[in-house]
Amino acid sequence: LYTEKEGILDDDGDGEVDLASYAYQIWKNATDADPSLVSRIESMPNEVYATKSYEGSPASPNGVLVYMRTAQGNDILTWVDEEGNPVTQSQFAILKAASCAANTLALPRQELHHELTERGVSYVLKEEKSSGGALGRPSGARFKAYERLRRLRDKIGKDRNLFITDEYVRSLDKAMEEIYNYPLYQSAADSINRQIKAGVDDSRLYELVFSLREDGRLCIISDEDFEREPKLICTMGLTQGDVHDER
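To convert, count from 1 in the sequence shown and add 87; that's our numbering.
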């Protein structure tokens, strides 16, 4: 978005692991250019919404973009068209559709904005439940980490040797249990994603997970940091029309 490199957000595979890094860079570039955005954005309540002018196409139709945090602590973007149907699962494509210049003016809310938002939220919750349940999307760090550790655990169970201690196995089991039951800290997810993308093997990945867990930086377990209720953060309508100064 900021380097103007065409196609930078088009990857819909393993490249999705860097979504948080791209989102952070968007935030950093925007707030560096206008520091007043920090307090303005952080003071916004949940469920805030806006609408922008958008030239839709059959593959990228008008509708509503929804950003929410699920009960399992997963941050998810979704895009529904004007009929309430999901458009794409690519988090990069949705982030790209939301992009706009700092001086972009707002449009009035679409008549069906809230209804489409409800459809988007329902889709997110259904999708999370059907694609990994508590672990979230299969493309996410939490799902991938759990599956890699489970594969390591299965391998150990079939081929125990003198170099694998009972303490190692108990620690591995505990790490898997925590990843299954609690969301990852964003910093942990970023670290895991980078290592997976770099081709780390299962045992090395566990070493990273073990280190993060020892430092208390793996999973959000404290009730003070983790709420088990889904939260609608914000939405953006995409529609055609004349702009109004209603930012």
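Glycine is no exception: its CB is placed at the ideal position from the N, C-alpha and C atoms. Just so you know, these numbers come straight off a predicted model, no measurement behind them.
Coil, strand or helix - residue i by DSSP
| i | result |
| --- | --- |
| Gly102 | Residue placement at Gly102 cannot be trusted, given a pLDDT of 45 that sits under 50; the coordinates are not used to answer. |
| Gly207 | helix |
| Leu271 | strand |
| Val151 | strand |
| Thr191 | coil |
| Ala146 | coil |
| Tyr136 | strand |
| Thr326 | strand |
| Leu292 | helix |
| Leu164 | strand |
| Ile320 | strand |
| Arg229 | helix |
| Arg196 | coil |
| Arg224 | coil |
| Arg304 | coil |
| Ala107 | helix |
Residue i, buried or exposed, once every other Cβ within 10 Å from all chains shown has been counted against 16
| i | result |
| --- | --- |
| Asp302 | exposed |
| Met131 | exposed |
| Gly286 | exposed |
| Val135 | exposed |
| Lys284 | exposed |
| Lys139 | buried |
| Thr252 | exposed |
| Lys115 | exposed |
| Thr191 | exposed |
| Lys231 | buried |
| Gln327 | exposed |
| Ile181 | buried |
| Ser177 | buried |
| Tyr210 | buried |
| Gly223 | buried |
| Ile163 | buried |
| Ala120 | exposed |
| Asn172 | exposed |
| Phe250 | exposed |
| Ser144 | exposed |
Spatial neighbours of residue i in its chain, beta-carbon cut-off 6 angstroms, leaving aside the 5 residues before and after
| i | result |
| --- | --- |
| Ser278 | none |
| Arg300 | Ala262 |
| Ala276 | Ala228 |
| Val174 | Trp166, Asp168 |
Proximal residues to residue i (C-beta, below 8 angstroms), its chain only, five neighbours per side dropped
| i | result |
| --- | --- |
| Ala117 | Leu124, Ala189 |
| His200 | Tyr136, Thr138, Val151, Thr322, Gly324 |
| Leu236 | Leu259, Ala262, Met263, Ile266, Asp289, Leu292, Tyr293, Val296 |
| Arg238 | Asp289 |
| Tyr141 | Asn149, Ala184, Leu325, Thr326, Gln327 |
| Thr204 | Tyr136, Val151, Val153, Leu319, Thr322 |
| Tyr233 | Leu222, Met263, Ile266, Tyr267 |
| Leu305 | Ala262, Glu265, Ile266, Leu271, Tyr272, Ala275, Val296, Leu299 |
| Gln282 | Arg291, Leu292, Leu295 |
Cutoff 7 angstroms; reference residue i; Cβ partners in own chain excluding five residues on either side
| i | result |
| --- | --- |
| Gln273 | Ala107 |
| Gln197 | Thr138, Gly324, Thr326 |
| Met155 | Ile163, Val208, Val211, Pro317, Lys318, Leu319, Ile320 |
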